[in-house]
Amino acid sequence: MEFLNLAAVREPERLVELRHRVRAFLADEISSGRITPHSDQWLAGWDPGFSRRLAEQGWIGMAFPAKYGGSAQGALARFVVTEELLAAGAPVAAHWIADRQSGQALLSFGSEEQRQAFLPVIARGECYFAIGMSEPDTGSDLASVRTRGARVDGGWKVSGTKIWTSGAHHAHAMIALIRTEPLGEKRHAGLTQVIVELPDPSVEVRPIKLLTGEHHFNEVVFHDTFVPDSRVLGEPGAGWKQVTSELAFERSGPERILSTFPLLVEALRESNRIGENVDRVRLGELISRLWALRQMSLAVAGRLEQGDDPAVAAAMVKDLGTTLEGDLIDSVRMMVGIEPDPAALSRLPRMLAEALLHSPGFTLRGGTNEILRGVVAKAVNVS
Amino acid sequence: MSEIIEALTEAVEDACVRHPSSADTNWNAALWSALDQIGITLLSIDEEEGGSGGDVSAAAAVLEVLGEYCAEVPFVETALQGAWLLASCRAEIPAGPMTAAVAGSGVTLAEESGAWTIDGELTRVPWARIAEHLVVLAGRHVVLLGRNDFEIEAGTNVAGEPRDRVTMRRVSLPASSVHSVPEDSDVTEELFVARGAVGRMAMSSGASRRALRMSLAYASERTQFGRPLGAFQSVQHQIARMAGEVMLCKTVSKFSAMALDEKEPSWQFEVAAAQVSTGEAAGTVAKIAHQVHGAIGFTEEHDLRLCTTRIWSWRDEFGGARRRAEEVGARALDAGAAGLWPLLAGK
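Chains as they are written, first to last, in the working numbering: chain C, 1 to 383; chain B, 1001 to 1347.
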């Protein structure tokens, strides 16, 4: 059970100055009215202008080497920046996937030409990615994907359907997991990651509206879409290994803890008015748990910084963190005692409604909590 | 983990295996001697003050092992509290196990023409009945009492560990037993309690780990419906939840020890938030461990209770989870909307 031993990490002094610069930048963005804080902005806050302004500060692609337009500052520096963005409720959805994992995948598995083609534009905040994993009959059981790549001259002809693809209607590219060999004994063999550039006349992108009516999800249908060999990511057939190596990045970050944090900030603003009636003990329990999970997430980032792959620890952080994102909403409800109102003119009832209506997604996306617990159970060897 | 700490924890683990704590006694003298021989009973106290060297983090690493083995020794009280108070006054540290307490309103320390007396009562003093010395922080004085200076009424926590009532009846003290806390020292009642709390957190994370290990073992041995319990997905998920909470306890308790070593301006908030969150997490671990074990874990015939009853005791000692939660809540309200995030981020 070595994976339970995470070294506690204190943020290095060199990053405090960075943290304060990001915070000042965001305060200015908010006070000038260019952005407005909301919950769950890494799904819902699509704002290319903001992404470009962030990139001008050098805060996208921070983990990329300089020759690809990044600043090679490592996982902890990226942690500090993303955390400040989420805590402030800034609209980061446009560049989020590209910065968090597609860029990382390109760095790990991409060809030199692919890196040159995508990483500098990602770092400029101008190129956005979508994730093509889930399918209509493939959710948690990812190895059962049926989107097929047939070998053709110079590449692959892709047909099939991806679903729940956030941002595919705006994205410039999607990394899709497809089956390039028939399903055999080994379920995890024969899967390949391909980069599909968008928009493409053979790729149909259909909106699937969230229960709020917002359009973030899509169904993406490949009608014999041609993907040249130069857009295969990594090795054909190595898709499963590549996909699972992204998971520690995908699962342990601050976005698995802080999606509803802006709601708590707003509730505290309101609590100045309700004052003495706030239950300090309950608030203290919530804040302590939030603080503790943040320390865990930071400790995982410390391991990533050292080049480790703490996939199991990341799964645990995500299980606990996403559960807390939902619990926070209930704590706020009991603290402020108001009705959620999506059309309210005042911010708190509107933000409460937003958080509530987005909450089912927290424990589903990026691997359901049940899948995560399966990963952990396997690691502790219970059977 | 540094190599020194790794070697240290291995030695302590070895000692714990050689001298297991049993439920029938409440003081493991043989283990204490072994720890003394390793030379670590005064960890976190500088060697020039007569201590074993090392810092609070090193002591916490040892305490995690002691907690895992439910070791019945007053390590927190001796190293992190009693010896710390004495060393802070540059007073000599006596040999043997110690306990320590804050005087509170029920105790009077008085001086009359150079003669000192201490009088009054202390409640729920850990390990008082086996301690060779009791160190009392009374205002800005540190008082050292010998075993014969006080009377004891035995009490326990829910794990059966000694939490005794101590009565001091106008005890005359030689001047050599009363020390002023130097102006430049960091000794405060608050820090005394925090050092105790950090020690208990480390022990709790060890006890949580033990509860997880026992649950894993039990789930693989116990068969129902023709399958081991661990083959049932509902049980697997419960154990996975436990593992997450154990990791929280371990990571956060280590951080809280580091917070005392570094003493950043945020240390009070950090220790308080750590105490609340580890208390909650360890409580969840205990709850699930019992659920996995079924009825046998709920009996005297099974050792699960050794770690779960300790978890239930330790989380509410040294300030206790409720008071800490209130403190954290009040700090958050003071910080307000603009200050909440900097409070959480520590910067």
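Just so it is clear, CB atoms sit at the ideal spot from N, CA and C, and this is done for glycine as well.
Quick one: Cα of residue i to Cα of residue j, how far?
i: C:A75; j: C:T322; result: 21 Å
i: B:A1154; j: B:L1122; result: 12 Å
i: B:V1276; j: B:E1112; result: 43 Å
i: C:F362; j: C:T368; result: 9 Å
i: B:R1170; j: B:Q1238; result: 55 Å
i: C:G85; j: C:H20; result: According to the sequence shown, residue 85 of chain C is Leu rather than Gly. Each residue's Cα considered, the two are about 12 Å apart.
i: B:A1273; j: B:A1202; result: 14 Å
i: C:S230; j: B:D1261; result: 54 Å
i: B:L1063; j: B:G1199; result: 7 Å
i: B:A1011; j: B:I1311; result: 24 Å
i: C:R206; j: C:L107; result: 30 Å
i: C:R23; j: C:L356; result: 26 Å
i: C:S259; j: B:A1345; result: 16 Å
i: C:Q101; j: C:L142; result: 17 Å
i: B:F1255; j: B:C1249; result: 10 Å
i: C:V220; j: C:T147; result: 11 Å
i: C:H169; j: C:G89; result: 23 Å
i: C:V317; j: B:A1240; result: 12 Å
i: C:V196; j: B:V1076; result: 60 Å
i: C:G70; j: C:D330; result: 40 Å
i: C:D309; j: C:G237; result: 21 Å
i: B:R1018; j: B:A1217; result: 21 Å
i: C:D47; j: B:V1271; result: 39 Å
If we count the other Cβ atoms within 10 Å of its Cβ and call it buried at 16 or more, is residue i buried or exposed?
i: C:M335; result: buried
i: C:S346; result: exposed
i: C:G125; result: buried
i: B:P1182; result: exposed
i: C:L211; result: exposed
i: B:A1059; result: buried
i: C:N277; result: exposed
i: B:E1189; result: exposed
i: C:H38; result: buried
i: B:Q1186; result: The displayed chain sequence assigns Asp, not Gln, to residue 1186 of chain B. Exposed, since its Cβ has fewer than 16 Cβ neighbours within 10 Å.
i: B:G1294; result: exposed
i: B:I1004; result: exposed
Any beta carbon of chain E sitting closer than 8 Å to that of residue i?
i: C:Q295; result: Note that chain E does not occur in the displayed structure, where the protein chains are C and B.
Residue i bridges to which residues according to DSSP?
i: B:Q1224; result: B:R1227
i: C:N218; result: C:P207
i: C:F226; result: C:K157
i: C:M351; result: In DSSP, C:M351 forms no bridge with anything.
i: C:T192; result: C:I178
i: B:G1160; result: Paired residues: none, contrary to the question.
i: B:I1045; result: B:G1053
i: C:A66; result: Note: C:A66 sits in no beta bridge, so no partner.
i: C:L233; result: C:Q193
Could you work out which residues of chain C lie near residue i, taking near to mean beta carbons separated by less than 8 Å?
i: B:W1312; result: Near B:W1312 there are no residues of chain C at all, since even the closest Cβ is about 17 Å away, more than 8 Å.
i: B:E1262; result: R10
i: B:E1280; result: E285, S288 and R289
i: B:A1219; result: V382
i: B:L1216; result: V380, N381 and V382
i: B:K1360; result: There is simply no residue 1360 of chain B to check, as chain B begins at 1001 and stops at 1347 in what is shown.
Give the interface partners of residue i over in chain C, defined as CB-CB distance under 7 Å, in chain order.
i: B:I1239; result: A377, V380 and V382
i: B:R1322; result: V281
i: B:M1258; result: A8 and R10
i: B:T1251; result: L6, A8, Q295, M296 and A299
i: B:G1336; result: L268 and N272
List the residues of chain B that residue i touches, going by C-beta distances under 7 Å, in chain order.
i: C:S288; result: A1273, V1276, S1277, A1325 and V1328
i: C:S271; result: L1333
i: C:V278; result: L1333
i: C:M316; result: A1243, G1244 and M1247
Interface residues of chain C around residue i at Cβ under 9 Å?
i: B:G1230; result: A377, N381, V382 and S383
i: B:L1340; result: A87, F261, L264, V265, L268 and I287
Under 8 Å Cβ-Cβ, which residues of chain B neighbour residue i?
i: C:R373; result: Q1236, H1237, A1240 and R1241
i: C:V16; result: K1347
i: C:M62; result: Neighbours of C:M62 on chain B: none; closest Cβ ~18 Å, over 8 Å.
i: C:R19; result: A1345 and K1347
i: C:E370; result: H1237
Closer than 9 Å by beta-carbon distance: list the chain B residues that pair up with residue i, in chain order.
i: C:L348; result: Under the 9 Å cutoff, chain B gives no residues; its nearest Cβ is about 11 Å from C:L348.
What runs of the beta strand (DSSP E), each 3 residues or longer, lie entirely inside the region 1185-1264 of chain B?
-> none
Those runs of the alpha helix (DSSP H) which lie wholly inside the region 1079-1135 of chain B and span at least 4 residues | 1083-1088
Runs of alpha helix (DSSP H) lying entirely within the region 19-61 of chain C, each at least 4 residues, in chain order = 41-44 and 48-56
Contained alpha helix (DSSP H) runs [length at least 4] in the region 1277-1344 of chain B, N- to C-terminal order | 1304-1314
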